[in-house]
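Below is one structure, written out as structure tokens; the observations come after it.
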Amino acid sequence: MDNVAFGGADILFTDVDDTLTTGGQLLPETYLALCKLAAAGIRVVPVTGGCAGWCDQIIRTWPVAAVIGEGGAFYAHRTAPQTVRWHYWDNQASHREDQTKILAAVAALELDFKPELASDQAFRYVDVAVDYNQQQALSPEQVKSLHDALVAHGFNVRQSSIHLNVWLGDFDKSTMAIRVGRELFDLELSALQARSVFIGDAPNDESMFRNFPLSIGVANIHRHLPVMAHKPVAITSERSGLGFAEMAEAWLRLRASLG
Ligand SMILES: [Mg+2]
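Heads up: take any position in the sequence shown, counting from 1, add 3, and you land on our numbering.
Right, dumping it as structure tokens:
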């Protein structure tokens, strides 16, 4: 980490699951690192596939400038200490219509098993998440038949470690990060890229690795590298949230040495 050219970067986009969290928990070392980065003037923006309900908690309680959720469907930021504003990729009503359409299609699927929605579906604004490996345990064959049936409907489908995320729309984590750069930080793409660091852990972060040259992986990314076309420029020696803290320490050390 000591050789990473953090230079004049002052914005951090970070994945959440298995990058900030460690085995599902936010460790004190990781939260302290977030606080130190914010105190040093670095604007932190979590970028997650997680639901709107989760993002509401993050933007209200963590020291972050904004949060991007549901894989880039929206971002939220505070306009006053207790006031949160939500910005959708398209408009809220059309996303809701799409979500209703997808929910109806999932309910009408004729498979030899009944797919169950994720237990946090009620807290999602845009995305539909079908549970295959959180509270359910579908076989690889069942996951494949579900995946293929949803793709046949014309939906976007992405498999996380626990859910199949299903959505309509041409957004991803990086397209929304670029929009946050323009709308919140008043930076066009090249300026945003020059001033931003991204840290993540998995193939669903690839659009960020592709669009942000100063990208870092936490150590648990190693097992995914063979299938990734776009890779981080550096990898921490620690895993997950402790890798995040390692990156933050190196960045803050460099900032301090530069004055
Ligand atoms: Mg992750």
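The beta carbon of each residue, even a glycine, is placed where N, CA and C say it ideally should be.
Small disclaimer: the values here were computed from a predicted structure and weren't measured.
The Cβ atoms of residue 244 and residue 35 lie no closer than 7 Å to each other. Closer than 6 Å to some heavy atom of ligand 1: that does not describe the Cβ of residue 115. With contacts defined by Cβ atoms closer than 7 Å, residue 204 and residue 221 form a contacting pair. With fewer than 16 other beta carbons inside 10 angstroms of its own, residue 154 counts as exposed. Judged by beta-carbon spacing, residue 66 lies within the 7 Å limit of residue 37, meaning their Cβ atoms are closer than that value.
As computed with DSSP, residue 158 is found in no beta bridge at all.
Under DSSP, residue 86 shares a beta bridge with 83. A residue is called buried once 16 or more other Cβ atoms fall within 10 Å of its Cβ, and residue 51 is buried on that count. Between residue 105 and residue 136, the C-beta gap is not smaller than 7 Å, which leaves the two residues out of contact. Chain order is used for the residues whose beta-carbon lies nearer than 7 Å to a heavy atom of ligand 1, namely 18, 19, 20, 21, 22, 203, 204, 205, 207, 208. The segment 109-120 makes no contact with the segment 208-228; the number of CB pairs closer than 8 Å stays below 3.
In the DSSP assignment, the residues bridged to residue 170 are 159. Under a 10 Å Cβ-count criterion, residue 225 is classified as exposed, with fewer than 16 other Cβ atoms of the shown protein chains found around its own Cβ. The straight-line gap separating the alpha-carbon atoms of residue 94 and residue 182 is approximately 15 Å.
Assigned with DSSP and collapsed to three states, residue 208 falls in helix. The residue among 233, 121, 25 with its C-alpha nearest the C-alpha of residue 168 is 121. In the assembly as shown, residue 11 is an exposed residue. Its beta-carbon has fewer than 16 other beta-carbons within 10 Å.
With a cutoff of 7 Å on beta-carbon distance, residue 212 and residue 33 are scored as not near each other.
Residue 237 sits in a strand when the DSSP states are folded into three classes. DSSP places residue 66 in the coil class of the three-state scheme, outside both helix and strand. For residue 31, the enclosing alpha helix (DSSP H) starts and ends at 31-42.
Runs of the beta strand (DSSP E) lying entirely within the segment 90-170 and spanning at least 3 residues, in chain order: 131-134, 159-162, 166-170.
By the beta-carbon neighbour count (other beta carbons within 10 angstroms, threshold 16), residue 193 is exposed.
Here the alpha carbon of residue 150 sits roughly 23 Å from the alpha carbon of residue 228. Looking from the CA of residue 159, the closest CA among 256, 63, 101, 82 belongs to 101. If the five residues before and after residue 236 are omitted, its C-beta is found closer than 8 Å to the C-beta atoms of 7, 216, 217, 218, 219, all from its own chain and listed in chain order.
If you ignore the 5 residues before and after residue 240, its C-beta comes within less than 7 Å of the C-beta of 222, 249, all in its own chain and listed in chain order.
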